[in-house]
Each structure stands twice: as structure tokens, then as C-alpha cells.
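Enquirer: Mind having a look at this structure? Questions to follow.
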Amino acid sequence: AAADKGGWSSFMAKEITEQPEAVANTVRGRLVDGHVEIPELTALGDDLLREIDRIVIIACGTASYAGMIGTYAIEQWARVPVEVQLSHEFRYRDPVLSDRTLLISVSQSGETMDTLMAVKYAIERGVTTVSVCNTQSATIPRESDAAVYTHAGPEVAVASTKAFVAQITALYLIGLHLGRVRGTLSGDDARRAAEQLEELPGLLGEAVDTHDQIAQLAHWMADTRSVLFLGRHVGYPTALEGALKLKEIAYIHAEGFAAGELKHGPIALIDHGQPVFVLVPSPRTSPLMHSKVVSNIQEIRARGARVIAIVEKGDTSVLPFADDVIRLPLTDVLFEPLLQVIPLQWFALELSAAKGLDVDQPRNLAKSVTVE
Ligand code: G6P
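The opening residue of the sequence shown carries number 245 in full-length UniProt numbering; numbering runs sequentially from there.
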């Protein structure tokens, strides 16, 4: 019913606007006196967390991109190798697992059959399992040794939005918890991350406010048949997520690339008028990456691309090369995806709406895939 959408035209629109609250709810109760403490992880025993020598994140779809983003933060803070495997690929490769492996599953519904089967496979091999899940008492968190709920509230639209930012947040909290217990996280980094987590809801609110600008852009681009997304570092999985959103709800061919990979193939796709969203890292915190991405923009622009640059406020370096500039508030590099994904979500939604499609119920897709 329209009432359930809180006045919005779709559940997806409502859920995009709920992201500041979703992230605040994920953090709530887990940040105490400037340090992260997740009681569900404490219950596993600090010795176990200290002895972990490898983390495997398993997930499907949007949750796998949250997982990819999580790898950068967890490795940085907990100094342990982290990789993401798609749930449905995991057990077919005869994965190398031991009692020092930690398996973290990420699933909004907690019922995705591929992910559940991967978790069971790991449990049978004596691996410790942690579930990052949005649905209280779903099957995956019940089967796992520990459940870290995201508390983003029910997500109705098939295309995931608020669950995604909450999943990234939960993975970051896990990284900060591990870093503290393992002694790999400096006091300064812990304080800085805690500050960022506290500021995040306000910053997400500003990112939500990009709606009108993006709606205008989508309106002009309603006939677009293909869109590319470029990012580096955590911007790369964010680019993949931006592309997935467009495929899911606007039925447009879209691809995300690591910006550095451009010259190894994808640049051949660039033709006159090809729209490319570029996620530009902050020049303050990532000057080297920033300059590389600005060169990538110049390269595609020289080949006729229509560049839509998503930048931090105050970054004027791309102005000469971008057709559109979307400005987001300042944050540290690891937190950029949480802000950058929001205009990408709006873009997919508005393009879907401009094409007259059902934003919440895309063809051929289910909210939760309970078959293998
Ligand atoms: C389905 C949905 C996606 C979702 C994926 C994983 O394919 O359409 O939006 O990302 O499942 O779902 P989960 O509930 O495990 O996060």
C-alpha cells in the first residue's frame, strides 16, 4: 500500500532515504568510549580471534560487493588476509580451510540458499562462522557461530540499498573489533574510525540530497543503452554495485571496472557519447589515487566519453574534463563507498522510473533466492 511507502513512489526510494538511520542502527551499541566492541564476537573468545590467519567472506550479489569493500578495511585494521568468494563458487573449488580460518557470510535475508550451503560446508570442516545478516533469526545466522545483525530494518525493494550500506558498516565494525583484539589497530586509527562512524549518518543524509540533481541527469539519459562505472580501491566494488543496480532495475547493460584496468581492455569500449560514472577518491586523503583517476578521466574524455564525476566537495580538478559533477561530503577513503553508492542508487531508480518500469519488482528477480 502507498502508506507503507511513507509517501514515496517506491519502497526503493523510501529505503534509499532510510540509509542514514540504517547505518546509525548498525553502529548503535557497538561503539563504546571510542572503541568498537561487538558482544557477539567477544563471545567467540579473544584467543580464537587472535589466532585467525585468514578470513573468507562469502556472499552473492550486492552483499558480495559489500564483502569486497570490507576486505580493504579488515585487512588494513586487523592485518589478516581477507578474500571474497561468491557463495555458489566456494565449495566447488575445494577451498583451503583450517581451524584458523574465519568465514564471514553476508546476506540481507539470511536465507539465500547458495550462501547457506557454503556456510554449512564450512561448518562441516570445523571453520568458525560469523553471519552478517539483516533478518533476525533467519537460517544463516541461526546456523552460524556468531550473528552480527545489521539492524537496517526490513528491506522490501528487490534491489538492495540500505542493507548494502549497513553490511559495509557491520564489516567495518568487525574489522575494528578484530584490530583492537589483535593489537593491530593504532589508537589514532581507532579514534579516527570511531569519529567517522559517528559522523556517517549525517554525511549519508547529504548524499541522499543528491536526488534532484541525479533525477535531472537520469531524465536526460532515459534512452541510454549502456553505462560504465569506474573506480579504484574501494571505489572499484562500488562501481560494480552501481552497474548491478542499473542491470537489476533499469535493464540496461552496465559494467563496473577497476580504473587501472581501463588500459588493459575496457578503454576500447569508449566511443562518442558513452556515459561513464567515475568515482573520484579524495585528493586530501588519497592524492596518488586521485591523480591516477583524474588521468583516467582525461583518457576516456579524449575518446569521447560523457563523464559523470562523483567527487568530494571542493575538488575542482575534474571540472575541465567532466560533463556532470556530483559533489559529496568529505570523509576518509574507506568510508567513501557508503556515500558514493547513494547517487548511483538514485540513478538506477530514476532511470528505471523514466523507462516506466516497476522499480521495486524487476522482472526475473526475487528478493531472496532460496534455491541453489
Ligand atoms: C538476490 C537479490 C539481490 C541480493 C542477493 C543476495 O539476488 O535480488 O539484491 O543482493 O539476492 O541476497 P542476500 O539476502 O543473501 O543478501
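A virtual CB, placed ideally from N, CA and C, is assigned to each residue, including glycine.
Check the C-beta distance from A466 over to L595 and give it rounded, since I have them as a contact under 8 Å.
Expert: Contact holds; Cβ gap of about 7 Å.
Enquirer: Looking at H395 and I282, is the spacing between their C-beta atoms short of 9 Å?
Expert: Their beta carbons are not under 9 Å apart, which means I282 does not touch H395 by this criterion.
Enquirer: Tell me where the beta strand (DSSP E) around L292 begins and ends.
Expert: Note, L292: premise wrong, no beta strand (DSSP E); alpha helix (DSSP H) at D290 to E295.
Enquirer: Roughly how many angstroms lie between the CA atoms of R571 and D456, to the nearest whole one?
Expert: The alpha-carbon atoms of R571 and D456 are separated by roughly 13 Å.
Enquirer: At which residues does the alpha helix (DSSP H) containing D432 begin and terminate?
Expert: D432 -> alpha helix (DSSP H) spans G431 to V452.
Enquirer: CA-CA distance, D343 and G370?
Expert: 6 Å
Enquirer: Among all residues, which have a Cβ less than 7 Å from at least one non-hydrogen atom of the ligand NAD, and in what chain order do they fall?
Expert: The model on display carries the ligand G6P but not the ligand NAD.
Enquirer: Using DSSP's beta-bridge definition, name the partner residues of L472.
Expert: For L472, the beta-bridge partners assigned by DSSP are E499 and V520.
Enquirer: DSSP three-state call for Q380: helix, strand or coil?
Expert: Coil at Q380, not helix or strand.
Enquirer: Thinking C-alpha only, which one of E499, E262, V280 and A553 is nearest V524?
Expert: With distances taken between Cα atoms, V524 lies closest to A553.
Enquirer: Check whether the segment 322-337 and the segment 369-385 touch, using three or more Cβ-Cβ pairs below 8 Å as the test.
Expert: no
Enquirer: Just to confirm before moving on: does the CB-CB distance between V520 and L472 stay below 9 Å?
Expert: yes
Enquirer: Smallest Cα separation from V409: which of A566, Q263, F591 and L609?
Expert: Q263
Enquirer: Could you give the C-beta distance for S308 and V328, rounded to a whole number, given that I count them as a contact under 8 Å?
Expert: 6 Å
Enquirer: Once DSSP output is grouped into helix, strand and coil, what is the label at L601?
Expert: coil
Enquirer: Run through the DSSP bridge pairs and tell me what I569 is partnered with.
Expert: Before going on, a small fix: residue 569 reads as Val here, not Ile. In DSSP, V569 forms a bridge with A553.
Enquirer: Find out if the Cβ-Cβ distance for the pair I458, F591 is shorter than 9 Å.
Expert: yes
Enquirer: Rounding to the nearest angstrom, what Cα-Cα distance links R272 and I301 in this structure?
Expert: 23 Å
Enquirer: According to DSSP, is S253 helix, strand or coil?
Expert: Correct three-state label for S253: coil.
Enquirer: Among H534, T356, W321 and L330, whose alpha-carbon lies nearest the alpha-carbon of R436?
Expert: W321
Enquirer: Have a look at A407 and A401 and give me their C-alpha separation to the nearest angstrom.
Expert: 11 Å
Enquirer: Are at least three pairs of beta-carbons, each pair with one atom in the segment 596-610 and one in the segment 549-567, less than 8 Å apart?
Expert: no
Enquirer: Pop quiz: V374 and I348 are said to be a contact at Cβ under 8 Å. What is the actual Cβ separation, rounded to whole angstroms?
Expert: Sure, about 5 Å apart at Cβ, within 8 Å.
Enquirer: Considering Cα atoms alone, identify which of L583, L417 and Y480 is closest to V376.
Expert: L417
Enquirer: Taking C-beta to C-beta, are E485 and G504 nearer than 9 Å?
Expert: no
Enquirer: Report the residue from L609, S526 and A268 whose alpha carbon sits nearest the alpha carbon of K491.
Expert: L609
Enquirer: Relative to the C-alpha of L288, which candidate in D604, D433, S253 and V392 has its C-alpha closest?
Expert: Among D604, D433, S253 and V392, the Cα nearest to that of L288 is on V392.
Enquirer: Would you tell me roughly how many angstroms separate the C-alpha atoms of D297 and P325, rounded to the nearest one?
Expert: Rounded to the nearest angstrom, the two C-alpha atoms are 7 Å apart.
Enquirer: Please state whether the Cβ-Cβ distance between I544 and L474 is less than 9 Å.
Expert: yes
Enquirer: Residues bridged to Y336 by DSSP?
Expert: Beta-bridge annotation (DSSP): Y336 is not paired with any residue.
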